[in-house]
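K.L.:
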Amino acid sequence: EAGVAQSPRYKIIEKRQSVAFWCNPISGHATLYWYQQILGQGPKLLIQFQNNGVVDDSQLPKDRFSAERLKGVDSTLKIQPAKLEDSAVYLCASSLGQWTGQETQYFGPGTRLLVL
Amino acid sequence: AQRVTQPEKLLSVFKGAPVELKCNYSYSGSPELFWYVQYSRQRLQLLLRHISRESIKGFTADLNKGETSFHLKKPFAQEEDSAMYYCALSKDSNYQLIWGAGTKLIIKP
Chain A
238 EAGVAQSPRY
248 KIIEKRQSVA
258 FWCNPISGHA
268 TLYWYQQILG
278 QGPKLLIQFQ
288 NNGVVDDSQL
298 PKDRFSAERL
308 KGVDSTLKIQ
318 PAKLEDSAVY
328 LCASSLGQWT
338 GQETQYFGPG
348 TRLLVL
Chain B
338 AQRVTQPEKL
348 LSVFKGAPVE
358 LKCNYSYSGS
368 PELFWYVQYS
378 RQRLQLLLRH
388 ISRESIKGFT
398 ADLNKGETSF
408 HLKKPFAQEE
418 DSAMYYCALS
428 KDSNYQLIWG
438 AGTKLIIKP
């Protein structure tokens with residue numbers, strides 16, 4: 238079974254530039270998560286999708302971050318314009334979406350973003 | 338407020354010694370707790386969940402509701418246990434995970 242795929246793996250941009258990340262979840266997984274992980278911290282949820290609908294985006298800085306999952310499969314996360322404090326690893330995860338507290342999340346390799 | 342605390346950023350023990358990684362939580366509902374692990378150059382992955390009450394790679398974790406803790410233990414550490422360990426709590430409202438900051442475990446030969 239193929240795992241969660243993310244691209245690119247690394248990205249270096251200057252502040253005020255824009256950047257986009259792509260995620261392909263495990264086939265059949267209805268729930269998709271985007272996390273931001275700043276060095277030395279645990280993952281912080283940015284947005285959660287169930288199929289192509291948003292379940293929670295309360296921690297997404299909507300003035301500069303946007304995300305979509307148009308066909309309920311792949312997802313993109315965009316930052317425009319980027320700030321220095323956006324430097325982090327962006328993790329995508331997926332789960333079956335059976336809405337149980339015991340559901341396992343499967344993670345992609347992450348995209349390491351450096352904003353200069 | 339819902340919170341997961343891992344008090345140790347770094348834990349270093351010798352091979353063969355017992356290991357205990359601490360996790361404390363703050364949550365008013367019925368928590369579901371997990372340990373995730375990230376080995377060097379690998380993805381974050383589930384290690385174990387409290388409801389399973391199973392031992393994975395020799396690790397166990399017991400939920401102590403009185404002390405609001407979910408410490409991860411292994412009686413005899415192996416070098417391959419060196420990794421980053423994260424404790425996470427699933428909220429019963431929407432099953433999102435709240436994460437601790439992680440503990441880096443180093444097993445010395």
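Protein chains in written order, with the numbering used here: chain A, 238 to 353; chain B, 338 to 446.
We treat Cβ as the ideally placed atom computed from N, Cα and C, and that holds for glycine.
Keep in mind the model is a prediction, meaning the values are calculated, not measured.
1. State yes or no: is the C-beta of A:A325 within less than 7 Å of the C-beta of A:Y270?
2. What does DSSP give as the partner residue(s) for B:Q382 in the beta ladder?
3. In three-state terms, what does DSSP make of A:L297?
4. For chain B, check one thing: does any of its Cβ atoms lie closer than 7 Å to the Cβ of A:F344?
5. Distance, Cα to Cα, A:P245 vs B:G403?
6. For A:I316, which residues of its own chain have a beta-carbon under 7 Å away from its beta-carbon, when the five flanking residues on both sides are left out?
7. I'd like to know if the stretch 437–444 of chain B and the stretch 383–395 of chain B are in contact, where contact means that at least 3 CB-CB pairs between them fall below 8 Å.
8. Does the separation of the CB atoms of A:L197 and A:Y247 fall below 7 Å?
9. Which residues in the same chain as B:F407 place their Cβ atom closer than 7 Å to its Cβ, once the five residues preceding and following it in sequence are excluded?
10. Can you tell me the Cα-Cα spacing of B:L385 and A:A304, whole angstroms?
P.N.:
From the atom records:
1. Working through the first sequence from its first residue, we reach residue 325 of chain A at position 88. Working through the first sequence from its first residue, we reach residue 270 of chain A at position 33. For A:A325 and A:Y270, no; Cβs fall outside 7 Å.
2. Taking the first residue of the second sequence as 1, we reach residue 382 of chain B at position 45. In the DSSP output, where bridge partners are listed per residue, B:Q382 has B:V374.
3. The residue labelled residue 297 of chain A in the question sits at position 60 within the first sequence. The answer is coil: DSSP assigns A:L297 none of H, G, I, E or B.
4. On the first sequence, position 107 is the one that residue 344 of chain A refers to. At least one chain B Cβ lies under 7 Å of A:F344.
5. The residue labelled residue 245 of chain A in the question sits at position 8 within the first sequence. The residue labelled residue 403 of chain B in the question sits at position 66 within the second sequence. Cα to Cα, A:P245 sits roughly 45 Å from B:G403.
6. Stepping through the first sequence from its first residue, residue 316 of chain A is reached at position 79. The residues are S255, V256, R301, F302, D323.
7. Because the criterion of three Cβ pairs below 8 Å is not met, the stretch 437–444 of chain B and the stretch 383–395 of chain B do not touch.
8. Any answer about residue 197 of chain A is impossible in this case: the structure gives chain A only from 238 up to 353.
9. In the second sequence, residue 407 of chain B corresponds to position 70, counting from 1. Correct list, in chain order: C360, Y362, L370, H387, A398, L400, C424.
10. Residue mapping note: residue 385 of chain B aligns to position 48 of the second sequence, counting from 1. Residue mapping note: residue 304 of chain A aligns to position 67 of the first sequence, counting from 1. Cα to Cα, B:L385 sits roughly 30 Å from A:A304.
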